[in-house]
Structure formats: structure tokens, C-alpha cells
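All residue numbers for the sequence shown refer to this note's numbering, where the first residue is 10 and numbers rise by one.
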Amino acid sequence: MTSVLERSRRVLARLVHTAVPLVRTAAVAGVAVAVTTTVSALGAPGGGTGAAAPPGGAHWVDTWTSMPQLTEAHNMPPAPFTEGELVLDDSTLRQTIRTTIAGDRLRLRFSNAFGGTALPITRVSVALPAGGAAGVAGIEPGSSRPVTFGGRPSVVVPTGAQMVSDPVPMKVPARTNLTVTVYLADGQASSSITSHPGSRTTSYLIKGDHTTATELPGATGVDHWYFLSGAETRAHPRAAAAVVLGDSLTDGRGSTTNANNRWPDLLQDRLAATAPASRVAVVNQAAGGNRVLNDGLGPNALARLDRDVLARSGARWLLVFEGVNDLGTAQATEAAQRRTADDLILAYRQIVTRAHAQGLRVYGATLTPIGGNQMYDDPGGVREAARRRVNDWIRTSGTFDAVIDFDRAVRDPDAPARLHPLYDQGDHLHLNPAGYAALARAVPAGLFR
Numbered sequence: 010m011t012s013v014l015e016r017s018r019r020v021l022a023r024l025v026h027t028a029v030p031l032v033r034t035a036a037v038a039g040v041a042v043a044v045t046t047t048v049s050a051l052g053a054p055g056g057g058t059g060a061a062a063p064p065g066g067a068h069w070v071d072t073w074t075s076m077p078q079l080t081e082a083h084n085m086p087p088a089p090f091t092e093g094e095l096v097l098d099d100s101t102l103r104q105t106i107r108t109t110i111a112g113d114r115l116r117l118r119f120s121n122a123f124g125g126t127a128l129p130i131t132r133v134s135v136a137l138p139a140g141g142a143a144g145v146a147g148i149e150p151g152s153s154r155p156v157t158f159g160g161r162p163s164v165v166v167p168t169g170a171q172m173v174s175d176p177v178p179m180k181v182p183a184r185t186n187l188t189v190t191v192y193l194a195d196g197q198a199s200s201s202i203t204s205h206p207g208s209r210t211t212s213y214l215i216k217g218d219h220t221t222a223t224e225l226p227g228a229t230g231v232d233h234w235y236f237l238s239g240a241e242t243r244a245h246p247r248a249a250a251a252v253v254l255g256d257s258l259t260d261g262r263g264s265t266t267n268a269n270n271r272w273p274d275l276l277q278d279r280l281a282a283t284a285p286a287s288r289v290a291v292v293n294q295a296a297g298g299n300r301v302l303n304d305g306l307g308p309n310a311l312a313r314l315d316r317d318v319l320a321r322s323g324a325r326w327l328l329v330f331e332g333v334n335d336l337g338t339a340q341a342t343e344a345a346q347r348r349t350a351d352d353l354i355l356a357y358r359q360i361v362t363r364a365h366a367q368g369l370r371v372y373g374a375t376l377t378p379i380g381g382n383q384m385y386d387d388p389g390g391v392r393e394a395a396r397r398r399v400n401d402w403i404r405t406s407g408t409f410d411a412v413i414d415f416d417r418a419v420r421d422p423d424a425p426a427r428l429h430p431l432y433d434q435g436d437h438l439h440l441n442p443a444g445y446a447a448l449a450r451a452v453p454a455g456l457f458r
């Protein structure tokens, strides 16, 4: 028995040396053993290896994602691209995405999850954007490649469904912008359409078929993505995806439009320079206003977990950084906040249980400060007390396979209920690019070995 305990102490000592930000948050008796058990192997719960590649070869891994949402009225394509119940009739939509990891083939996913009718897509192409930049209307001459579906140039996406394209034979570079152009000859005959409004990337709309056009003179710019929900590449056998489940703090409110400086983007840049983690795709499944327990902007996290996480290609890890909107929109009474905190804790346990059943490792991130925010902070500090309680549970319960202390990374050490002034976007809730860089630095690369 003594030798077993001594070996356990040595393993824990090595973990403390290599992943201090994780282990030091679990200082209460008994928790260290739970954290050691789940983190030390860095494998799937129960000793598995998580989602595995097909034997001996490359496999499909998401290199980019966006969370599908029902498009609000003020985020619909502007006139003349929306006319009553007809959207994007005889229209070309050009949008840019940023890859995470490299591969030798590309497949695109189009979602009609919230469409009121079938979505008829006439033509699709993929190309390199002009100058390699995000949010530009032009493409590099000669770079356009056709995208097909079962060998056909067009496809109809049924209501509530998604369609995956045929593989496009092209080299997919890592951390590189790609342009996807879609032409809809007949549009979608419904004012209910699927999009991701918080793209922080400019897309372009123009009448007529300009699928392969090098330039789009006179096109209308909109900062939204429509219909496109994923891009996956045939990647190295050891490549895998880390899916981030979150809200506006992960979707990038406060980041720079067309700069790709949300914290998952910056984490991707960090991992790319770390040999053990260079084949990890950090894919963003967050939306502003999203909540864990109840629908907000988009379905609640418990409802969308299967679609947005468990069904993702090559998913091996899940990072959960969500819950502040649940606390912030619940009444500022002790009873309401106690109930919401209890429900959040139960929901986190549910997420971990369901993800473990699919072989994913699950990492929990503490909720960042809300002090001074006009909507979420309250004079009695009731919501802040609930936030601290939830964070204490995340740090000490041992439920997650590891803990990422985002709260500690960006709070003001002199006023822990508030964001550090250098990281505050201005509303005392969302972060600026420096704050998102601080979150990216707080995630140990060793979690993704």
C-alpha cells in the first residue's frame, strides 16, 4: 500500500510541475486524487483514447465550425436580398472562414436547421481570398474550385437538416482564410433561415450568379455567416478537434472584425507552435447570448450538445465555458440565484456524463467577472455570490477532467469581482483582444497531447 501511495504522489508531483494552473485549483482533501486520475493519463475517461482515426490512415476532422442559429429580423440579409418570405433570390453569397488544421481534402457542411422551408443551393465554390485576407470580396485568380454533392453541382437541404459536400481535392493549409461562394437561383422561400450572426467576419451579397467571379464590384457587405456551418478536412491520423461550447465571450464580442482574434483563434495559434498539440483543431461552437439551461440566442447548451459537439468530426475534447448568461438573466434574489447555480451544476454534470459516454475528455472553465456590468451586476452582489459559488464547484468538485481558471486569468487582483482594466472591452463583461489573449494563454497546451 505504501508503494502505491508513493507512486501516486510522484505522479501528482509531475502533474503539478507540468500543469500548475489546473492542479493548484483543487486544493481540498480528496479532490487531488480525482484530478490526478482524470488528467494524468490525458486519455478518455475510463482509460479510453477518445475518438479514434480509422486504422492506418487519415480521417475527417472539423477545421472550422459556426453554431447554427435562427436568424433574427435585424440580422437578415438587407433589401433587396430579403423580400417578404423570399430570401437571397437570384443572389450570390461570398463568405470567408479560417481553417485550424491542415489536410489534403475539404468538405463543407450547409445547415438548414432553422429554415422554414427546404434550402435549394444552386452552385458552390471554394477559393483563396484576395491577398489571403479575411472579410474581402475578391478571390485569387485561378484558385476557385467547384463544390459538388453526390457529383451534382446543386443540392436541396431539407428543412431541419444539413448536407455535407463531396470532398474537394485541394490542399487545405492550416490557419488560413478560405472563401466559400454560394449561389441561390431561387432563394429560400421563408423568412426563417439559418445563420451565425456573430461572425466577426464580413460576407458579401450580390444579385446574379458570380460563383467564380474574381471580384464582386458593388456587393453589399454584412457581418454575418449564412447557411455554412462547418468545414472539415482529411487530416493526419493523430489529428483531432477540441470543441468549445460557449457564449459571446467565446464567439468573440469585443474582438476585431476580420482579425480572427477571438480566444479560440489565439489558442489555435499557440497550439500550432507546440509540437504535441500542433494537430489539434480548436473549433468554436459558441453564440452571443447563449445559455446552458434555457434557450436564448440559439438553443440552450443541453439541447444543442449532440449536434454541436458530440456529432462533430474528429472531436476528442470539449471545453465548457458557459453559464454567465444563466446567472445574469435570472432574478437578482438569493432564492433565484441559488436555484440557478444548482441547476447549472447539475447541467455541467449532465454535459460531462454525455460527453464521457462518447469518449470525449471534458474541461471546465471558470466564469469570468461581471462586476460593474449594467445588466448583470446587482447592488446586493447576489449574482456575484452565485458566480463565485459556481466557480468554487468547478474548481473543486473533480467533475471535469481538468479545470481552466479563466476567472483568475482576467480578473482584477485588487477587485476580484471585476475584470482587469487592461482586459475590459468597456462594458465590464466582455473582453478586448488583450483579454482574449489572456484567456488563450491560460489554457495549458498539455491538455491536448
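All C-beta atoms, glycine included, are put in the ideal place defined by N, C-alpha and C.
* Would DSSP call residue 451 helix, strand or coil? -> The count along the sequence shown starts at 1 and reaches residue 451 at position 442. DSSP, read as helix, strand or coil, puts residue 451 in coil.
* **Option nearest residue 458 by Cα separation, candidates 330, 342 and 370** => Position 449 of the sequence shown holds residue 458. The option with the nearest alpha carbon to residue 458 is 370.
* To do: With distances taken Cα to Cα, identify the nearest neighbour of residue 411 among 322, 375, 398 and 442.
  => Start at 1 with the first residue of the sequence shown, and residue 411 comes out as number 402. Answer by Cα proximity: 375.
* **Residue of 232, 225 and 83 minimising C-alpha distance to residue 148** => As a working note, residue 148 is residue 139 in the sequence shown. Cα-wise, what sits closest to residue 148 is 225.
* Asked: Are residue 181 and residue 119 close, meaning C-beta to C-beta below 8 Å?
  -> The count along the sequence shown starts at 1 and reaches residue 181 at position 172. The count along the sequence shown starts at 1 and reaches residue 119 at position 110. No.
* **Reduced DSSP category for residue 409 - H, G, I as helix; E, B as strand; rest coil** => Looking up residue 409 in the sequence shown gives position 400. In the structure shown, residue 409 sits in coil (DSSP, three-state: anything other than H, G, I, E or B).
* **Proximal residues to residue 215 (C-beta, below 6 Å), its chain only, five neighbours per side dropped** => The count along the sequence shown starts at 1 and reaches residue 215 at position 206. Excluding positions up to five away in sequence, the list reads 101, 225 and 228.
* Asked: Is DSSP giving residue 365 helix, strand or coil here?
  -> On the sequence shown, position 356 is the one that residue 365 refers to. In the structure shown, residue 365 sits in a helix (DSSP, three-state: H, G or I).
* Who are the Cβ neighbours of residue 287 in its own chain at under 7 Å, not counting the five residues just before and after it? -> The count along the sequence shown starts at 1 and reaches residue 287 at position 278. Hits under 7 Å: 280 and 281.
* **residue 128 versus residue 159 - alpha carbon distance** => By one-based count along the sequence shown, residue 128 stands at place 119. By one-based count along the sequence shown, residue 159 stands at place 150. Answer to the nearest angstrom: the Cα atoms are 17 Å apart.
* Asked: Does the separation of the CB atoms of residue 341 and residue 389 fall below 8 Å?
  -> As a position in the sequence shown, residue 341 is number 332, starting the count at 1. As a position in the sequence shown, residue 389 is number 380, starting the count at 1. Their beta carbons are under 8 Å apart, which means residue 341 touches residue 389 by this criterion.
* Asked: Which residues does DSSP pair with residue 186 in a beta bridge?
  -> Residue numbering aside, residue 186 sits at position 177 when the sequence shown is read from its first letter. In the DSSP output, where bridge partners are listed per residue, residue 186 has 107.
* Could you give the distance in angstroms between the alpha-carbon of residue 152 and the alpha-carbon of residue 146? -> By one-based count along the sequence shown, residue 152 stands at place 143. By one-based count along the sequence shown, residue 146 stands at place 137. Rounded to whole angstroms, residue 152 to residue 146 spans 14 Å at the Cα level.
* If we ignore side chains and look at the alpha-carbon of each, how far apart do residue 404 and residue 87 end up? -> As a first step, residue 404 is located in the sequence shown; it is residue number 395 there, counting from the start. As a first step, residue 87 is located in the sequence shown; it is residue number 78 there, counting from the start. Cα to Cα, residue 404 sits roughly 46 Å from residue 87.
* Roughly how many angstroms lie between the CA atoms of residue 349 and residue 413, to the nearest whole one? -> Locating residue 349 in the sequence shown gives position 340, where the first residue counts as 1. Locating residue 413 in the sequence shown gives position 404, where the first residue counts as 1. Residue 349 and residue 413: Cα-Cα distance of roughly 22 Å.
* Taking all protein chains shown into account, do 16 or more other C-beta atoms lie within 10 angstroms of the C-beta of residue 283, making it buried, or fewer, making it exposed? -> Position 274 of the sequence shown holds residue 283. Residue 283 is exposed by the Cβ-count criterion.
* Cβ contact check for the segment 173 to 189 and the segment 97 to 115: 3 or more pairs under 8 Å -> yes
* Do residue 373 and residue 419 come within 8 Å of each other at the CB atom, strictly closer than that value? -> Numbered from 1 along the sequence shown, position 410 holds the residue referred to as residue 419. Numbered from 1 along the sequence shown, position 364 holds the residue referred to as residue 373. Going by C-beta atoms, residue 419 is not nearer than 8 Å to residue 373.
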